[in-house]
Amino acid sequence: MKPRSKRLMLVGGGVALLVAAIALVLSAFQQNLVFFHTPTEVAEGKAPLGKTFRVGGMVEDGSIRRAGDGLTVSFAITDTAKVIPVSYKGTLPDLFKEGKGAVVQGRLEADGVFHATEVLAKHDENYMPPEAAHAVEQASKAAETLSQ
Amino acid sequence: MTPSDRGRSLFRFAAPQVFYPLAGRLAPWFAALAAVLTLAGLWLGFFVAPTDATQGEVYRVIFIHVPAAWMSMFIYLIMAFWAAVGLVMNTRLSFIMSQALAPTGAMFCFVALWTGALWGKPTWGAYWVWDARLTSQLLLLFLYLGFIALTRAIEDPRRADRAGAIIALVGAVNVPIIYFSVQWWNTLHQGASVSLTKAPSMATTMLAGMLVMALAAWAYTIAVVLWRVRPMILERERHTEWVGALLDQESTERGGRA
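Sequence lines, in order, name chains A and B. Going by UniProt numbering, the first residue of the first sequence is number 1, and it counts up by one from there. Going by UniProt numbering, the first residue of the second sequence is number 1, and it counts up by one from there.
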């Protein structure tokens, strides 16, 4: 065998072994790499209930209620299958809106309410000018009216 | 011309004494191209592209953030490619190419992280979160810095080449992890708006500005790397005849002008 092809085999073999090793490590760490849990996972008991964790999903339409002090907010996070009520005291990011994505960090208390210490807005991958967004909204409203 | 002749004529450019003048001739063209594309891309991004419906003006950071992030991942793959070629073929130029790419890759990686943090505060509500996308991109920056530090720390160039090549090859595994992290795990970072497998989910002028900026990043990288490769070739090859002849020629030219 020529020295060049021998080196090619050594380098190729080394890289293949390494890829396999990293694939194994990643599959082992799969759980820890998850930034947030979905409400369905929480309902199934897959989230670390005793500890602080994050829940991500959509802010349910019509769920945002502001308390009298102007700082405490309650809303619900949903993945359309399950809903988790959340209460939070603090300032919200600008993009926090009903029907948009959000990730909340905190604890699920015994009363079934998730007490958040941090609220992050999750942006989706869609970028469009306001006119286009308006058109999309109008179209979905028209579709709703037709289906009724 | 037989196929093997053609192959040999392409390999001709792998010889440092042939590549040195070629790099010098090509670099200014790519630099000019980079300047034109950057101006066009920034104009498209900041004056032509519309405001985003949900984010407002802050989204315009993507015209720098996304091209920088793409480039930082792509440069690492090219670096690893040259490192593998160097290890297998024992070509002198391959390791030089690999090391000339690293500082530009590190710069783009830093720009991607920095602009991302500036965007994250107003949109997400946090400069930094430890999600899979952000963490793996930070790891990429450390890989670049580790590669640069290691190759500069070892005195013997042949050993430095080999040690660096190993980091380049091992670290290349991280690039697909960065790219697919948003699909594999729940991340705060949004999924890809532009990919090869589906139609882009953004307005056409926004996409055009981003793609022009991406081309500008390519042209800039090629120009800077060609310029960085030249003194590295001279330093490595300083004991060879062709460098001696070149330096003699330059010193007589300078002497004649003075």
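The C-beta atom is built at its ideal place from N, Cα and C for all residues, glycine as well. Source: prediction; values computed, not measured.
Buried versus exposed call for residue i [16 or more other C-beta atoms within 10 Å across all chains shown]
| i | result |
| --- | --- |
| B:A165 | buried |
| B:L169 | buried |
| B:W242 | exposed |
| B:M1 | Confidence is the limiting factor: at B:M1 the pLDDT is only 46, short of 50, which leaves the residue's position unreliable and the question unanswerable from this model. |
| residue 259 of chain B | Since the first residue of chain B shown is 1 and the last is 258, residue 259 of chain B is not available in this structure. |
Closer than 8 Å to chain B by CB, residue i
| i | result |
| --- | --- |
| A:A133 | yes |
| A:Y88 | no |
| A:I22 | yes |
| A:K45 | The question names Lys, yet the displayed sequence has Gly at residue 45 of chain A. No, A:G45 does not count as interfacial toward chain B. |
Chain A contact for residue i (CB, 8 Å cutoff)
| i | result |
| --- | --- |
| B:G209 | no |
| B:A84 | yes |
| B:Y59 | yes |
| B:L113 | no |
| B:V129 | yes |
| B:D52 | yes |
Own chain partners of residue i with C-beta closer than 7 Å, once the 5 adjacent residues on each side are dropped
| i | result |
| --- | --- |
| B:A106 | L141, Y144, L145, I148 |
| B:G41 | F63, G209, V212, M213, A216 |
| A:H115 | S87, G106, R107, E109 |
| B:A84 | L169 |
| A:T145 | none |
6 Å Cβ shell around residue i - same chain, five flanking residues per side excluded
| i | result |
| --- | --- |
| B:Y59 | D52 |
| B:A69 | A112 |
Chain-ordered neighbours of residue i on chain B, where CB pairs are closer than 7 Å
| i | result |
| --- | --- |
| A:L18 | V170, V173 |
| A:L108 | Neighbours of A:L108 on chain B: none; closest Cβ ~17 Å, over 7 Å. |
Chain A contact residues for residue i, given Cβ-Cβ distances below 7 Å
| i | result |
| --- | --- |
| B:V212 | In chain order: nothing, as chain A lies at least about 16 Å away. |
Whether residue i touches residue j by CB criterion (8 Å)
| i | j | result |
| --- | --- | --- |
| B:R133 | B:H65 | no |
| A:G56 | B:N90 | no |
| B:E237 | B:P16 | yes |
| B:S136 | B:C109 | no |
| A:V103 | A:L92 | no |
| A:A76 | A:S63 | yes |
| B:M232 | B:I75 | no |
| A:K100 | A:P39 | no |
Residues that residue i contacts on chain A, provided the C-beta gap is smaller than 9 Å
| i | result |
| --- | --- |
| B:L87 | R7, L8, L10, V11 |
| B:M202 | E125, N126, Y127, M128 |
| B:Q55 | D94, L95, H123, Y127 |
Partners in chain A for residue i, counting only beta-carbon separations shorter than 8 Å
| i | result |
| --- | --- |
| B:T123 | P93, D94, L95, A121, H123 |
Sequence-distant residues of its chain with Cβ nearer than 8 Å to residue i (five each side left out)
| i | result |
| --- | --- |
| A:F35 | R54, G56, V103 |
Interface residues of chain B facing residue i [CB-CB closer than 9 Å]
| i | result |
| --- | --- |
| A:F36 | D131, N186, T187, L188 |
| A:R66 | None at all; the shortest Cβ gap to chain B is about 17 Å. |
| A:G56 | N186, L188 |
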